[in-house]
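Encoded as structure tokens, the structure appears first; notes follow it.
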Amino acid sequence: MIGIINIIIVLFIIIGAFLSLVAAFGVLKFPDVYTRNHAASKSATLGVMSILLGTFLYFYVEKGHFDSSVLLGIVFIFITSPVAGHLISRAAYNSGVKLWDKSVQDDLKLAAKSKKKN
Amino acid sequence: MIETVVLIAIFAISVAILALLYRVIKGPSIPDRVVALDAIGINLIAIVALTSILLKTDAFLVIILLLGILSFIGTVAFSKYLEKGVIFDHDRDN
Amino acid sequence: MINFLILPILIPFLTGILLIFFAKNVSLSRWIAGISSFITIIVSALLVQKVRVDGIQTLDVSNWQAPFGITLVSDMLSALLVLTTSIILFTCVIYSFKTISKEQERFYYYSAMNFLAVGVIGAFTTGDIFNLFVFFEVLLMSSYVLLVHGGSKIQLRESLKYILVNVISSALFVITVAYLYSVVGTLNMAHISVRLSEIGESGIVTVIAVLFLIVFGLKGAIFPLYFWMPGSYYAPPAPILALFGALLTKVGVYSIMRTYTLFFLNDKDFTHQLLGILAIITVIVGVIGAIAYSNIKKIVIYNIIVAVGVILFGVAVMTPESLTGSVSYLIHDMIIKAALFLLIGIIIAITGTSDLRKISGLIKRYPGLGWTFFIAALALAGIPPLSGFIGKLLIVQEGFKEEHYWGAGIVLMSSLLVLFSIMKIFINGFWGTPQAYKDEEAVPVRKLLVAPVILVIISVLYGAGSEFVLPYISQAAETLSNPSIYIEAVLKE
Amino acid sequence: MKTNDIILQTTTKVVVFIIILFSIFIFFKGHYTPGGGFVGGLLTSGAIVLLLLAFDMKTVAEILPINYIYMTATGLLFAVGTAAGALFFNVPFLTHAFGDVYLPILGKTSLHTATIFDLGVFLVVVGVTMTIIQTIGGDE
Amino acid sequence: MEIVMAFVIGILFMSATYLMLSKSLLRIIVGTGLLSHGAHLLILTMGGLKRGTVPLLDEKASAYTDPIPQALILTAIVISFGVTAFFLVLAYRSYQELGTDNMERLRGTEGND
Amino acid sequence: MSLLHLAIISPFLLAILVPILYKSFRQIHTGWFVLPLPILLFSYFLSFLSIQEPITKSVPWIPFLGIDFIAKIDGLSLLFALLITGIGSLVVLYSVYYLSKDKEKLNTFYVYLLLFMGAMLGVVLSDNLIVLYMFWEFTSFSSFLLIGYWYHKEKSRYGAQKSMIITVFGGLSMLGGIILLYIMTGSFNISEIMEIVPSISDHTLFIPALLCFLVGAFTKSAQFPFHIWLPDAMEAPTPVSAYLHSATMVKAGIYLVARMSPVFAAEGLWLWLVGGVGIITLFWGSFNAVKQTDLKAILAYSTISQLGMIMSLLGIGAAALHFEGIEKSVYAAAITAAVFHLINHATFKGSLFMVVGIVDHETGTRDIRKLGGLMNFMPITFTLAIIGTFSMAGLPPFNGFLSKEMFFAGMLRVLELDIFSFETWGLLFPVIAWLASVFTFLYSMILVFKTFTGKFQPEKLEKKPHEAPIGMLISPIILASLVIIFGLFPNILSNSMIAPAINAIMPGNAADVHISFWHGFTPELFMTIGVIATGILLYISLPKWRRVYDLFPKKLTLNRLYDGSLEFAQSISKKLTSGYMNGSIRTYLVYIFSFFIVILASTIAVKDAFKMDTSNISSIGFYEILLALAIVVASISILFAKSRLTSIILLGSVGYTVSLFFVLFRAPDLALTQLVIETISVALFLLCFYHLPKNSKNEERIRFKLTNLLISIGVGAIVTVIALSAHSNKMFDSIAQYYVENTYEKAAGKNMVNVILVDFRGFDTLFEITVLSIAALGIFTMIKLKMKGGRKNENK
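Heads up: the sequence lines are chains Y, D, H, L, V and X, in that order. In terms of the UniProt record's numbering, the numbers along the first sequence are unbroken and rise by one, the last being 118. In terms of the UniProt record's numbering, the numbers along the second sequence are unbroken and rise by one, the last being 94. In terms of the UniProt record's numbering, the numbers along the third sequence are unbroken and rise by one, the last being 493. In terms of the UniProt record's numbering, the numbers along the fourth sequence are unbroken and rise by one, the last being 140. In terms of the UniProt record's numbering, the numbers along the fifth sequence are unbroken and rise by one, the last being 113. In terms of the UniProt record's numbering, the numbers along the sixth sequence are unbroken and rise by one, the last being 796.
Here is the structure:
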């Protein structure tokens, strides 16, 4: 039983670490802020949540300690991360950061235009 | 076994943080930096969690939530600053 | 009451907090500040008497036996300094009524003053090296607030420099405490003393002693660490300047006194020699500065440096008599510097300038001011029977006795140049052709004079009544020259 | 520029609640696990800052009509009051007392004067950080 | 580890000193920030590193890390936070009033004659 | 408190009353209220004349330090006390007429004068050296105030400052001597010191003490080269000059030398210095007096010279200590001459000053080039002047003649001295003495004849001259009659006053003092005749040789030296100070850090404090190295950061790394706090620096950077080295174990750090939050308090 859970924990951690790396790679390599934000807010968040789950399980199993603050942390990140990503993107857009020159579509621009017309 | 994995994970995340740091310093735009900083904050959480496992103590687990909170507030503040040039509005209706 | 010795800290502390609530009501603030500082004087005087009768008072805060908690220790030195501090606080507070604008008073001016006093008194009282750091920060923080209070350009500019220097010195303080902790593993000063004396002579301890000298020297403005001081002290208005000049550097001096008599006794040939040399150079550079300027503020400010050198020379000589001299001179200097700064404040208020070349003939219209200043100047120069004499006499005497001829000679002759520098103000500012000044009429000179006159009277009594004062002072010096008294009182072994 | 902050404001309401809960948790557990009045206070002010970010100073002032300077002073009074309380029992300044009290519902509860002291710290920290942030943020 | 930390602290102090000697006010304040970081790490190092477990009594450990340096650092952190905040605001106000953040232009030698 | 003490204090007490009297009785000249006191005191002191043994009364002042107010009256003190009160009475009387009650600030004048009187009495009547020193300084300061009495005059202020600096310098030097004596003898009391003296004369401090005392005496008595203050002191009102600067205060130095003779005179150096300096002063003073054109200046230089004469007599007289029997009394005769001349000088110089005052008062000038022919207008004054000057010149039958004869006799004795290599150089003494007397004769003649005879030049005078009011004449008349009386009947003084005084100076020398008018045709008499002959010759040919004075280089005078050195001191200190006090905080930090590096590095080197002990260190983890690298990289890259945002972010990352270190080093509370604080700090940085300019390209030169680099590396290295040594020197266990044991038991907590914070060291926390609160108040004030219309800035 413990062996299995240990394996789960290890899995969680490995997945988390991998996702984090991926996210970092994305932030490093993607061409503009919007795509980078995409990588950061999705992949990294998932990675961390996975690691946290691993940690939670570890302490629950190994130490018999039900740590509510880790759970709360997971919930918290779950709530806030998307909002943060959204805010950054919007801020970037509103402060005039250009899209990647190979971007194909800018919906917000259209929306803003139509709003102006009204 | 867990320890080895945790060490490897820490290493991976450290590499990730270094990469993000590069982005922070390089930019080019400020939102880029903010994105990277936000990601660093999130990764720090992971590091703390992993370190707790490594040290076999639950004393640091509160830090996880704390970091989450700080990272969120920081990101909100940054984006607001970028968008509006001020961090606090005096009166939003005016 | 076992908590008696905390009252001089507690009263200004509570007053400072209460004044935050009542800050908008200026006249109520004044009453509270004035009355509470007066009560502090009474309480400190009682404390001095208690120490005289019952010996060193200690208080293990939070009821943890020393060295595990923080212990407050009122030996005679600290009790006397606390009394002096409270007197100076009182005079500066009542002086402020007429000099500080209501606008400023509303912005927590008296709170900051009280907190400053808390810091100073706490630093004098605490028996814990880290707690000393905390009290240093309290007084520094208040001094930042007071220095910049009012926000004129020069204040802002000088505050930047002042804070920078003090941040550095605080950081050094912290690391020094850390080094010391590494070596002895304790923070209680008496306990440190015990452990250090067990170590005996040790290179690292000497290094730490030098570090402490640098840390406190930065605060006490000794050579070559005093450079920040003249500029920063030049900026604030008179009552704040008086508080700074009388109290802040003296806390540094007190700390050197304390550490060099309690901790670092195993390598006196090195540490105290160094202290002595620096003290003498401090006297010299102070004198050079004092005669260089024809700006009344600067002249008095440089005289602070001279006094610091004189006091520390007495500490470096390290005989019971020289310590008596140092303590006596320390208290004298606190009182007389406060008086001089307040007097100078009046001059500046009348004339609107601190440039001596633009001032003349004041004595014709303001004889009271002139003669108070004259007496204060004589006291500063150490003319008997005024307050500075006994201290200087003892310091010089012991200097000669211990064969530090050069040092003692320089200390002796520094009096002449001090007198020259301060009399320059009297001769050129008070004498000379009387002239009219703008805004002169609006200055309530008589009311302003109350505070400095109180101080000058104290100075005169302190000197002439040396016979009554000296037993107290020599009790203080006895504790300094014989650390085991202090240690026994604290550790109750 | 006027912007639509619905997403942020809605999230904030939830998140602030979580933060404050967490800070209270951290505050009370301080004697046993990491935390205490200091971090608790900082977190609470973090929550208020979040409110300020999501809404505006006027709105927040309406929700929380607090003079933060008075709050600081009150905190100091709490702390020094706890400490000075010892004076009335003629025990050394700042001596704490604690004991177990049986309360009707909660059962055996440990009461500790240190908590009041820590509450002072908490208030001071909130007061100070908010004073600083408000003054700077509000300066034109 | 203590040796490594001693060098790390040395480098922190070095950078801090270098920054504090420069002309720009911002760099100076950043320098003071580094300085306090260095000082705090030093306290911790001087107390001895990793001499036991976290100083929480629950751990049922044979040895605990020395809690005193930690308590001292906590106090020091808070104080240096207060000072830094004050310093920052002062810098801000000074820039408003004096119009420069170059310390060399803020000499001012009033009364030096 | 005895009557004697009361006598000393009474002038001070009256001084307190003077302003009140002045205010209440404006129409009565304040001098009248003052006058009774010196007269009363004079008669009080007269009552001591018959007393043989010294009287000592002691009042404890600071017995703790052996400082008691011991009043002792013996022959010497009595002589001085009588001089002080006697001349004092006359001067007060004179001043009543001299100073107009409408124009002058009489209250301050009499306060000063009374202060002086009390101080001077204190000097001569104190047996305790510290008390003596106190009164000594009092005399300096009252003299300072009196010289600066007309403070609106530039010259008055200059003279006041000069006299103060020189006499206080002397006073301090004397204090040094007192302290040295105390170290040797353990007592401040002159009587006790005298008893111990024989045993200390070999002490290494003996000579320094002697020198210190002599500097004190020489400055006060205006001896060469310290005499320069006295001519400038003539800016004081004339009664003051008569009183302080000729009759009494300047004689304090003489008093001191006489008083300390029993202590120091056994030393050969004393003879040489006192005698030599005295004789040089005598010559230099008289020589310079001749070229003066201001009457008071002539008198000033004359005073200098006469004081030198008394001093040299005291020096030669000290030889008596080295002999026994008849020879002893031969040398002691020099002392007799000194004491006798002391009295004589007071009488004739006092009267001359008053005469000059009258001339000044009635004509409005003291310049002899403008004066002349006043004889017809003021006959009484003229007569008085004749008496005074002839006595000064040493002409019979006035008292000056007698003392001059005795002076010559004393100087001739030097030829016979065979100790302390006087046999080689002793000849100089009589030669110089004779020369000086010639000049003395000369200036005396100039003084009287240029003023009162010759051509009357009314056009140069401000007022029409006429005889002075009788009141103003009373005092000089009394003094002039004393000049004659003492000249004709010198022996009324000899046993009543001179002998006891000599007894005090030379204890155990009970030789009968007898001064006779006619000695027979002695060498002295021929010397006097020579003086008169040469003097007359020189007077007649004065215009022809006057140019001699121009030969003296103007730039090398002592006055120039004084002014120059004062100016030099001020300008050099100005230059020095503004050299290093340049207002640049960087410069200051460079000094401070350099000192830090140098002093600590040398301490470490000297004390061999560096020690590295690897036995006591903890393991190094891989991730710790990683963090260490991160912190190092981040902190170093701040140095190269171009934009302010980068540096702030890098600072933040250092802070976060630090908190990770806290995690690794088992400090959860710290990590928590550090994280939050760091975040807030970064936010504050951003908030505050929003308004600041972008990091402006400050041209920092290579040298600038290099200095910074060197210093910072030094600081870093020192911190590291000490850290390593301190860690390797852990000598004790930390007190932490106590907390481990008691945290739960006695403080009911489990988080040790938190329990320390709120309980064990709660006191720290209490004030730590106070610091925070003050910071908040300060920040609030800084931002919100913007003074309306700017602050009334006192620094502009």
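We put the beta carbon where it would ideally sit given N, CA and C, even for glycine.
* Asked: Which chain L residues are close to V:VAL30, counting only those with a beta carbon under 9 Å from its beta carbon?
  -> In chain L, no part has a C-beta under 9 Å from the C-beta of V:VAL30; the shortest such distance is about 18 Å.
* Asked: So which residues of chain L does H:SER62 contact, with C-beta pairs closer than 7 Å?
  -> Within 7 Å Cβ-Cβ: PRO92, LEU94, THR95 and HIS96.
* Asked: Using a beta-carbon distance below 7 Å, is L:PHE88 in contact with chain X?
  -> By this cut-off, L:PHE88 is not an interface position.
* Starting from the beta carbon of H:GLU137, find every residue of chain V whose beta carbon is closer than 7 Å, and list them in chain order. => Here the neighbours are ILE79.
* Taking L:ASP56 as the query, report the chain X residues whose CB atoms sit under 7 Å from its CB, ordered along the chain. => Around L:ASP56, no beta-carbon contact reaches into chain X at under 7 Å, the shortest distance being about 16 Å.
* To do: Please list the partners that L:ILE19 has in chain D, where partner means a Cβ-to-Cβ separation under 7 Å.
  => Neighbourhood of L:ILE19 in chain D, by CB distance below 7 Å: ILE69, in chain order.
* Does DSSP put X:GLY790 in a helix, in a strand, or in coil? -> With a pLDDT of 45 at X:GLY790, under the threshold of 50, the modelled position of this residue cannot be trusted, and the question is left open.
* To do: In angstroms with no decimal places, state the Cα-to-Cα distance between H:LEU213 and X:ILE8.
  => C-alpha separation (whole angstroms): 48 Å.
* X:ALA71 - partner residues in DSSP beta bridges -> In the DSSP output, where bridge partners are listed per residue, X:ALA71 has X:LYS57 and X:SER126.
* Would V:HIS40 be called buried (16 or more neighbouring beta carbons within 10 Å of its own) or exposed? -> The Cβ neighbour count for V:HIS40, taken over all protein chains shown within 10 Å, is at least 16; the residue is labelled buried.
* Interface residues of the stretch 6-19 of chain D facing chain Y [CB-CB below 9 Å] -> The stretch 6-19 of chain D vs chain Y, Cβ under 9 Å: VAL6, ILE8, ALA9, ILE10, PHE11, ALA12, ILE13, VAL15, ALA16, ILE17, LEU18 and ALA19.
* To do: Consider the Cβ of L:ALA73: report whether some Cβ of chain H lies at a distance smaller than 7 Å.
  => For L:ALA73, the answer is yes, since a Cβ of chain H falls inside 7 Å of its Cβ.
* Touching by the beta-carbon criterion (3+ pairs, under 8 Å), the stretch 115-134 of chain X and the stretch 240-257 of chain X -> With a cut-off of 8 Å, the stretch 240-257 of chain X and the stretch 115-134 of chain X count as touching, because enough Cβ pairs lie within range.
* Pick helix, strand or coil for H:VAL73, following the three-state DSSP scheme. => In the structure shown, H:VAL73 sits in a strand (DSSP, three-state: E or B).
* **C-alpha distance - X:LEU106 paired with X:ILE368, whole-angstrom precision** => Straight-line Cα distance between these residues: approximately 29 Å.
* **Nearest-angstrom Cα separation, counted from H:LYS447 out to H:LYS297** => Rounded to the nearest whole angstrom, the C-alpha separation of H:LYS297 and H:LYS447 is 21 Å.
* **Own chain, CB closer than 7 Å to X:LYS796, minus 5 neighbours either side, in chain order** => With a pLDDT of only 33 at X:LYS796, under the threshold of 50, the placement of this residue in the model should not be trusted, and no figure is reported.
* To do: Output the distance between the C-alpha atoms of H:TYR95 and H:ILE301, rounded to the nearest integer angstrom.
  => Approximately 19 Å, taken between the alpha carbons.
* **Exposure of D:ASP91, with buried meaning 16 or more beta-carbon neighbours within 10 Å** => D:ASP91 is exposed by the Cβ-count criterion.
* In the DSSP assignment, find the unbroken alpha helix (DSSP H) run with X:ASP764 in it and report its ends. => Following the DSSP letters along the chain, one finds X:ASP764 inside the alpha helix (DSSP H) bounded by residues 762-784.
* Cβ pair L:ALA84, X:VAL758 closer than 7 Å -> Contact: no.
* To do: Would you give the residue range spanned by the alpha helix (DSSP H) that H:ASP60 belongs to?
  => Note, H:ASP60: premise wrong, no alpha helix (DSSP H); beta strand (DSSP E) at 57-61.
* To do: Give a yes or no on whether 7 Å exceeds the smallest Cβ distance from residue 119 of chain V to chain D.
  => Shown here, chain V extends from 1 to 113; a query on residue 119 of chain V therefore has no answer.
* Are the C-beta atoms of D:THR57 and some chain V residue less than 7 Å apart? -> Chain V, which has a Cβ nearer than 7 Å to the Cβ of D:THR57, makes this yes.
* Asked: Among H:SER27, H:GLY34 and H:VAL82, which residue has its Cα nearest to the Cα of H:VAL43?
  -> Across the set H:SER27, H:GLY34 and H:VAL82, the C-alpha of H:VAL82 shows the shortest separation from the C-alpha of H:VAL43.
* Per DSSP, which residues does H:THR126 bridge with? Please list them. => DSSP, once it has assigned bridges, lists H:LEU72 as partnering H:THR126.
* To do: Indicate whether at least one CB of chain L lies closer than 7 Å to the CB of Y:VAL83.
  => Yes, its Cβ sits closer than 7 Å to a Cβ of chain L.
* Asked: Between X:VAL59 and X:TYR110, is the Cβ-Cβ spacing less than 7 Å?
  -> Taking 7 Å as the Cβ cut-off, X:VAL59 and X:TYR110 do not qualify as a contacting pair.
* Among H:VAL194, H:PHE4, H:ILE168 and H:GLY432, the one whose alpha carbon lies nearest that of H:LEU491 -> The candidate whose alpha carbon is nearest that of H:LEU491 is H:VAL194.
* Cβ of D:PHE88 within 7 Å of any chain X Cβ -> No, D:PHE88 does not count as interfacial toward chain X.
* Asked: Name the DSSP bridge partner or partners of residue 217 of chain L?
  -> Past the edges of chain L, shown from 1 to 140, lies residue 217 of chain L, and the structure says nothing about it.
* Can you tell me the Cα-Cα spacing of X:PRO430 and X:PRO523, whole angstroms? -> Put simply, the backbone Cα of X:PRO430 is about 11 Å away from that of X:PRO523.
* Asked: Would a C-beta distance cut-off of 7 Å place L:VAL14 and L:ILE26 closer than the cut-off?
  -> Going by C-beta atoms, L:VAL14 is not nearer than 7 Å to L:ILE26.
* To do: Only counting runs of 4 or more residues, tell me where the alpha helix (DSSP H) segments fall wholly within the stretch 184-210 of chain X, in order along the chain.
  => DSSP runs (the alpha helix (DSSP H)) wholly in the stretch 184-210 of chain X: 190-196.
* **Three or more C-beta pairs below 8 Å linking the stretch 554-568 of chain X and the stretch 77-95 of chain V** => No contact exists between the stretch 554-568 of chain X and the stretch 77-95 of chain V.
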